[in-house]
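*Asks:* Using this note's numbering, read the sequence shown as starting at 323 and increasing by one per residue.
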Amino acid sequence: MAANRVLGMLVGIWLIALVLVVGKVTAFPICNIDSTEMMNQCLQAVTGKSPKPPSKQCCAVVRKAKLPCLCGYKNVLPALGIQPKLALALPKECGLATPPECHF
């Protein structure tokens, strides 16, 4: 069971990295949301030295997500240039309860 979960996470990480490296906008579902929509709407809120607050559009995407699933990817975020603390704060910033999986 644990091996299947790890394998699933690795496949998800690989797909995200592939999209970023190739540079093509290829959507795939992850944790009940469209990965491209999440990146397009929320990237400015979780990257850079002066990130912007999440937009209404970003929060709309976050509200659709299965947050415990999404927070399961917290350990790979730095490899994607995403600041984990900012990403894991998105639920709270969007007025949602933060699941235990989203805490370090």
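Positions of the beta carbon are idealized from the N, C-alpha and C atoms, including for glycine.
Remember, it's a predicted structure, so these values are computed and weren't measured experimentally.
1) Which runs of the alpha helix (DSSP H), 4 residues or longer, sit entirely within the segment 361-385?
2) Could you compute how far the alpha carbon of A401 sits from the alpha carbon of R385?
3) Here's the rule: buried if 16 or more other CB atoms are within 10 angstroms of the residue's CB, otherwise exposed. What is P351?
4) Within 10 angstroms of the Cβ of A419, are there 16 or more other Cβ atoms? Answer buried if so, exposed if not.
5) Mind checking which residues open and close the alpha helix (DSSP H) that includes K414?
*Replies:* By the coordinates alone:
1) none
2) 24 Å
3) Burial call: exposed.
4) Flag for A419 reads exposed.
5) 406-415
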